[in-house]
Amino acid sequence: MNVFEEASYREILKKRVKELHREGGKLNWRKIAARISIQYTYLSRALNHAKTHLNEDHLYEVCKLLRFLPNELEYVLALRGLETAESQARRDYLSTRALALKNSQQVGGAVEKSGAIGGDIHFLLSPLGWLTYFALGLPAYRANPRKIAGQLGISAPQLRTILNSLHDLGLMEIGENIYEVKKVNKNHFHYSFDHPLTQLHQQMLRLQCDAHYLRLPEGKRHRFMATFNADEGAFEKIEKLFFAFVKEVEKVAVPAPSKQSYQLNFELFKWF
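Just remember that this note's numbering sits 26 ahead of the position in the sequence shown, which is counted from 1.
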């Protein structure tokens with residue numbers, strides 16, 4: 027079953043159970059209810075009634091029992107969020123997130139057919155995973171990763187999924203449990219600016235940036251936008267200043283101690 031061809035998280039769960047049965051599995055909904063410590067009648071209602079939903083913790087546990095891959099689990103959680111979110115801004119974000127996860131499978135298929143390694147796709151297309159990785163580079167969050175959930179506005183199950191993905195990708199080393207981070211390894215995924223993965227990554231991260239920006243108080247955020255008319259000569263001069271500024275920022279940022287995480291989005295392009 028291709029999870030990403032479905033638009034209902036309930037249908038995904040039902041089809042996965044049937045698929046496992048065909049493969050000889052003995053897991054059924056009564057056993058699943060017992061494993062996640064909820065009543066079977068409630069689970070049945072959540073699977074068959076539009077206004078009743080499993081909470082995120084229970085849905086996460088069901089997905090783990092049904093052996094969903096991390097990107098599949100994220101897709102299921104996004105679909106559930108779309109059915110319960112009241113904020114239009116969050117619905118827009120979740121819709122874009124679900125679409126990006128679906129599109130990543132097409133990109134991933136092309137990468138795999140070309141013989142390249144595709145394990146980085148889920149990392150690059152998960153802005154929450156990307157930000158969690160940078161947070162773990164800060165001593166305070168590496169010592170207590172649970173703090174990341176509150177800062178990013180995500181649930182504990184979502185954070186566990188992200189941490190497991192980072193561990194599976196070799197981006198961090200752990201001790202006895204997923205919250206005991208021993209070491210954060212260097213990001214070993216590198217793509218050119220015009221690579222389709224890079225473009226999708228930037229689109230997804232920009233959505234997360236906009237949501238976070240609006241939550242920050244005045245004085246803790248800065249934004250500059252300008253639409254202007256000029257000639258090609260002026261554009262070329264501005265372009266040189268653009269790249270010179272980026273290099274100056276790099277000179278300041280690279281040797282600085284890692285105590286906080288910051289974001290700088292800087293764009294220059296032609297409209298007409």
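Even glycine gets a Cβ: it sits at the ideal position worked out from N, Cα and C. Remember, it's a predicted structure, so these values are computed and weren't measured experimentally.
{"Check": "Taking the C-alpha atoms as reference points, what is the distance between Gln65 and Asp83?", "Outcome": "15 Å"}
{"Check": "Is the distance from the Cβ of Gly201 to the Cβ of Lys212 below 8 Å?", "Outcome": "no"}
{"Check": "Determine the burial state of Phe269: buried for a count of at least 16 other Cβ atoms within 10 Å of its Cβ, exposed for fewer.", "Outcome": "exposed"}
{"Check": "Rounded to a whole number of angstroms, what is the C-alpha to C-alpha distance between Arg61 and Val88?", "Outcome": "9 Å"}
{"Check": "Give me whichever residues DSSP pairs with Met198 in a beta bridge.", "Outcome": "Val210"}
{"Check": "Mapping DSSP to helix, strand and coil, what is Ile264?", "Outcome": "helix"}
{"Check": "Tell me whether Ser152 sits in a helix, a strand or coil according to DSSP, three-state version.", "Outcome": "coil"}
{"Check": "Name the two residues that bound the continuous alpha helix (DSSP H) containing Trp55.", "Outcome": "Trp55 to Arg61"}
{"Check": "Can you tell me whether Glu112 is helix, strand or coil according to DSSP?", "Outcome": "coil"}
{"Check": "Leaving out five residues on either side along the sequence, give the residues of the same chain with a beta carbon under 6 Å from the beta carbon of Ala59.", "Outcome": "Tyr66 and Leu69"}
{"Check": "Alpha carbon to alpha carbon, what distance is there between His79 and Ala111?", "Outcome": "12 Å"}
{"Check": "Which residues in the same chain as Tyr86 place their Cβ atom closer than 6 Å to its Cβ, once the five residues preceding and following it in sequence are excluded?", "Outcome": "Pro183"}
{"Check": "Within the continuous alpha helix (DSSP H) that includes Tyr86, where are the two ends?", "Outcome": "Glu82 to Leu91"}
{"Check": "Work out the CA separation of Pro171 and Leu189 for me, nearest whole Å.", "Outcome": "9 Å"}
{"Check": "Which residue spans inside the segment 214-293 form an unbroken alpha helix (DSSP H) run of at least 4?", "Outcome": "222-241 and 258-279"}
{"Check": "Mapping the DSSP letters down to three states, classify His47 as helix, strand or coil.", "Outcome": "helix"}
{"Check": "With a threshold of 8 Å between beta carbons, is Pro243 in contact with chain B?", "Outcome": "This model lacks chain B altogether; it includes just one protein chain."}
{"Check": "For Val74, tell me which candidate among Tyr35, Arg93 and Leu105 has the shortest Cα-Cα distance.", "Outcome": "For the record, residue 74 in the displayed sequence is Asn; it is not Val. That would be Tyr35, whose Cα lies nearest to the Cα of Asn74."}
{"Check": "Along the chain, where does the alpha helix (DSSP H) containing Leu95 start, and where does it finish?", "Outcome": "No alpha helix (DSSP H) holds Leu95; DSSP gives it neither H nor E."}
{"Check": "Spell out a yes or no on whether the segment 260-276 and the segment 154-172 are touching, meaning 3 or more CB-CB pairs, one atom from each, closer than 8 Å.", "Outcome": "no"}
{"Check": "In three-state DSSP terms, what is Phe30?", "Outcome": "helix"}
{"Check": "Would you mind working out which of Ser287, Ala104 and Leu91 sits nearest Ser181, comparing C-alpha positions?", "Outcome": "Ala104"}
{"Check": "Considering only C-alpha positions, which residue in the set Gly176, Leu95, Leu39 and Arg117 is nearest to Leu108?", "Outcome": "Arg117"}
{"Check": "Run through DSSP, which three-state label would Ile38 get?", "Outcome": "helix"}
{"Check": "So, Arg249 versus Val210, is the Cβ gap smaller than 8 Å?", "Outcome": "no"}
{"Check": "Cβ atoms of Ala115 and Ala237: under 8 Å apart, would you say?", "Outcome": "yes"}
{"Check": "Leaving aside the five residues before and after Ser287 along the sequence, list all residues of the same chain whose C-beta is less than 8 Å from its C-beta, in chain order.", "Outcome": "Leu157, Phe160, Ala161, Gly163 and Leu164"}
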